Every structure is written in structure tokens, then in C-alpha cells.
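Enquirer: Right, I'll just put the structure down here and ask away after.
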Amino acid sequence: MTASDRVVLALGGAGTVGSGIVKALLEKGFRVAVISRDGNRLEKLKNFVPASTRDKLYTLVGNVGTEEGAETAKASLLKSVGKVTDIVSSLGFSWWQGGPPHTQTLKELNHVLETLLLSTFTSWKAFFPLVKDNPNGTYTFITGGAGERLLMPGTGFLTLGAAGSLAFCQVVRSEYPDIPCKVNEIKINMGVAMPERMGPGYVSHLDVGEAVASVVERRNSSHKVFCVSSPADLKTIILEGKV
Ligand SMILES: NC(=O)c1ccc[n+]([C@@H]2O[C@H](COP(=O)([O-])OP(=O)(O)OC[C@H]3O[C@@H](n4cnc5c(N)ncnc54)[C@H](OP(=O)(O)O)[C@@H]3O)[C@@H](O)[C@H]2O)c1
0 MTASDRVVLA LGGAGTVGSG IVKALLEKGF RVAVISRDGN RLEKLKNFVP ASTRDKLYTL
60 VGNVGTEEGA ETAKASLLKS VGKVTDIVSS LGFSWWQGGP PHTQTLKELN HVLETLLLST
120 FTSWKAFFPL VKDNPNGTYT FITGGAGERL LMPGTGFLTL GAAGSLAFCQ VVRSEYPDIP
180 CKVNEIKINM GVAMPERMGP GYVSHLDVGE AVASVVERRN SSHKVFCVSS PADLKTIILE
240 GKV
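Number 129 in numbering that gives the first Met the number 0 belongs to position 130 of the sequence shown; there are no gaps in the numbering.
Below, the structure is given as C-alpha cells:
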């Protein structure tokens with residue numbers, strides 16, 4: 000099965016991390032589908048990927064953050080692309096720094112948990128059955144080090160949400176130890192940005208995209224956590240596939 004026979008659903012594919020992944024997958028010859036709640040973000044994504052790959056990109060406006068929304072998006076997606084062989088989940092947001100917990104509301108905590116954890120669950124519930132029993136299928140989660148500690152004062156809810164997604168990945172590895180589909184997590188302990196917005200402690204979303212696309216392409220590992228704490232770690236992930 001060549002890359003052009005594979006259809007990757009990139010959840011969060013219109014975001015900072017996701018757009019780098021989408022570009023790298025398209026450049027490797029995969030067909031890629033992206034669902035976003037925002038049609039403008041999808042238009043931006045279409046303009047961002049190389050023109051020569053645009054006919055392999057399928058976009059769909061939808062909300063995978065509820066069980067009904069995810070099921071509706073799945074039905075439309077299957078109607079237009081026919082099948083899904085691989086899934087990359089990069090849902091969430093880039094940053095949250097609303098202040099220390101005593102200044103926050105329950106509504107805000109719900110919003111953070113919905114964006115980082117609950118959408119990861121609702122989309123998993125809807126889309127995992129499409130790849131679960133496929134030995135050539137993959138499901139790759141993107142997580143971050145924010146779930147392990149407070150990154151800065153005022154980022155507490157980000158830690159709570161990100162910790163939820165880390166725990167979700169752990170649960171998946173333990174609950175489904177023997178599934179044919181390859182389930183992996185790529186945990187990025189650094190900031191991720193577009194090349195023009197890079198600063199100290201950041202990696203480019205293009206390099207992250209290349210590393211994630213190479214894990215999806217080679218599908219030779221499962222139940223593994225790839226940790227990225229430096230640009231060299233990304234290179235190692237990319238090269239591992241070439242040895
Ligand atoms: N950025 C970083 O510095 C960084 C560092 C380490 C790890 N990470 C990890 O990468 C993940 C993504 O971060 P990012 O920087 O790419 O954030 P982002 O730019 O805000 O993108 C996140 C994407 O998730 C999508 N999304 C969220 N809820 C959704 C829903 N209910 N239905 C459909 N799409 C939904 C958003 O889609 P819409 O288009 O609908 O808004 C958006 O495109 C984070 O959760 C984090 O774990 C990020």
C-alpha cells in the first residue's frame with residue numbers, strides 16, 4: 000500500500016501544530032482530510048500547503064468536540080473520501096494563561112477541558128473504529144509537556160487540560176494492548192510555532208510535521224511515546240525511519 004492509497008484524518012489539522020503535519024503528509028503523497036469549526040481556517044490551510052498537493056487535501060467544516068458533531072463529521076467525511084486509514088489527533092489550543100485558579104470560573108475550566116481533553120475523547124470514540132482493526136492503520140496523538148507541570152504563573156488550567164490528554168493516551172495504551180492498529184503518542188516538551196514566530200525553546204511546526212509524518216508513514220511501532228525535548232529529538236524521529 001503506497002502513501003497515495005492512505006487517507007489520513009488530521010484532527011486539529013488547521014492549527015499551528017496540525018498545519019505542519021498536514022503539509023508534511025501531503026508532501027509524502029498521502030491524501031489528507033481536515034475538519035475544523037472554522038471555514039476561514041480551512042481556506043488558510045489550503046493556501047498554506049503547496050499548490051501541487053492541494054488536490055489531495057479534503058476539508059470539512061465540523062465540530063468533533065461533541066459525540067453528535069463527531070458522528071456527523073464522520074458521515075460527511077466518509078461520503079467524500081470513502082475511507083480513513085490513519086488518524087493524527089492534534090486538538091487543543093496553543094496557549095492558555097488566564098490566571099491562577101482562584102481567579103477563574105468553572106465555565107472557563109469546562110472550556111479548557113472541552114478543548115484539550117473532551118474533544119480528544121469524542122473524536123477518538125467516533126473515529127477509532129475506522130482504524131482499530133486495520134494492521135496497516137495508525138492513530139497518533141500529539142500531546143505536550145504542559146500536562147506535567149505549571150509552565151508559567153497563570154497557566155494552571157492549561158496544565159489541567161494537557162494532563163487530561165496525557166492521561167487519556169495512557170489509558171488508551173493500557174485498555175487496548177493488542178489492537179492491530181498502531182497507536183502512538185508524540186509528546187512535545189517545547190513550544191511549537193511557525194518559522195516566522197520562533198523563539199528560544201521553540202521548534203518549527205514544519206519540523207514537527209516532518210517527524211509526525213515519518214512516524215505515520217513507517218508505522219513500525221505501537222504503544223510508544225516519542226518525547227521531543229530538543230530539535231535533535233525531531234531529527235532522531237525522522238532518521239529512525241531511514242535506518
Ligand atoms: N503550540 C504549542 O506550542 C504546542 C506545544 C506542545 C504541544 N502542543 C500540542 O499540540 C496541540 C495543538 O496545539 P496547536 O498549537 O496546534 O493549537 P491550535 O493552533 O489552537 O490548533 C488546535 C486545533 O484544534 C482544533 N479543535 C479544537 N477543538 C475542536 C473541536 N471541537 N472540533 C474541531 N476541531 C477542534 C482547532 O480547530 P478549529 O479550527 O475548529 O478551531 C484547531 O485547529 C495542543 O493540544 C498541545 O497538546 C502544542
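Even glycine gets a Cβ: it sits at the ideal position worked out from N, Cα and C. Quick caveat: nothing in here was measured; it's all calculated off a predicted structure.
Going by Cα to Cα distance, which pick from Pro179, Phe156, Gly160, Leu115 is closest to Leu243?
Expert: The chain is shown only over 0 to 242; residue 243 falls outside these bounds and no answer can be derived.
Enquirer: Once DSSP output is grouped into helix, strand and coil, what is the label at Ser18?
Expert: helix
Enquirer: Can we count Arg40 as close to ligand 1, meaning its CB is less than 6 Å from some heavy atom?
Expert: yes
Enquirer: Looking at the secondary structure, which residues open and close the alpha helix (DSSP H) in which Gly163 lies?
Expert: Gly163: member of the alpha helix (DSSP H) spanning 155 to 174, first to last residue.
Enquirer: Check each candidate in Ser229, Ala231, Gly81, Glu216 and name the one with the smallest Cα separation from Lys27.
Expert: Glu216
Enquirer: In the DSSP assignment, the beta strand (DSSP E) including Lys181 goes from what residue to what residue?
Expert: 181 to 187
Enquirer: Pick helix, strand or coil for Ser203, following the three-state DSSP scheme.
Expert: strand
Enquirer: Confirm the yes/no value for this check: CB of Arg246, any heavy atom of ligand 1, distance under 6 Å.
Expert: In the structure as shown, the chain starts at 0 and stops at 242, and residue 246 therefore has no counterpart that could be examined.
Enquirer: Using a Cβ-Cβ cut-off of 7 Å, state whether Gly38 counts as contacting chain B.
Expert: Of the protein chains in the structure, only one exists, and it is not chain B.
Enquirer: Find the nearest neighbour of Leu283 within the set Val224, Gly136, Val227, Val214, judged by alpha-carbon distance.
Expert: Coverage of the chain is limited to positions 0 through 242, which leaves residue 283 absent and any answer about it impossible.
Enquirer: What do you get for Gly160, buried or exposed, if any count of 16 or more other CB atoms within 10 angstroms of its CB means buried?
Expert: buried
Enquirer: Grouping DSSP H, G and I as helix and E and B as strand, with all else coil, what is Thr142?
Expert: The answer is strand: DSSP assigns Thr142 an E or B state.
Enquirer: Does DSSP put Phe126 in a helix, in a strand, or in coil?
Expert: helix
Enquirer: Are the beta-carbon atoms belonging to Val83 and Val31 less than 7 Å from one another?
Expert: no
Enquirer: Please tell me whether, using a cut-off of 6 Å, the distance from the CB of Asn62 to the nearest non-hydrogen atom of ligand 1 is below it.
Expert: Yes, Cβ of Asn62 sits closer than 6 Å to a heavy atom of ligand 1.
Enquirer: Using the beta-carbon count (16 or more within 10 Å), is Glu209 buried or exposed?
Expert: buried
Enquirer: Quick check on Asn183: buried or exposed, where buried means 16 or more other Cβ atoms within 10 Å of its Cβ?
Expert: Classification for Asn183: buried.
Enquirer: By DSSP, does Arg53 sit in helix, in strand, or in coil?
Expert: In this structure, DSSP gives Arg53 a helical state, which the three-state scheme calls helix.
Enquirer: Which residue comes first and which comes last in the beta strand (DSSP E) that contains Val33?
Expert: 30 to 35
Enquirer: Can you find the residues in the same chain that come closer than 7 Å, C-beta to C-beta, to Pro134, ignoring five residues on each side of it along the sequence?
Expert: Pro179
Enquirer: Could you tell me the distance, in whole angstroms, from the CA atom of Ser79 to the CA atom of Asp37?
Expert: 19 Å
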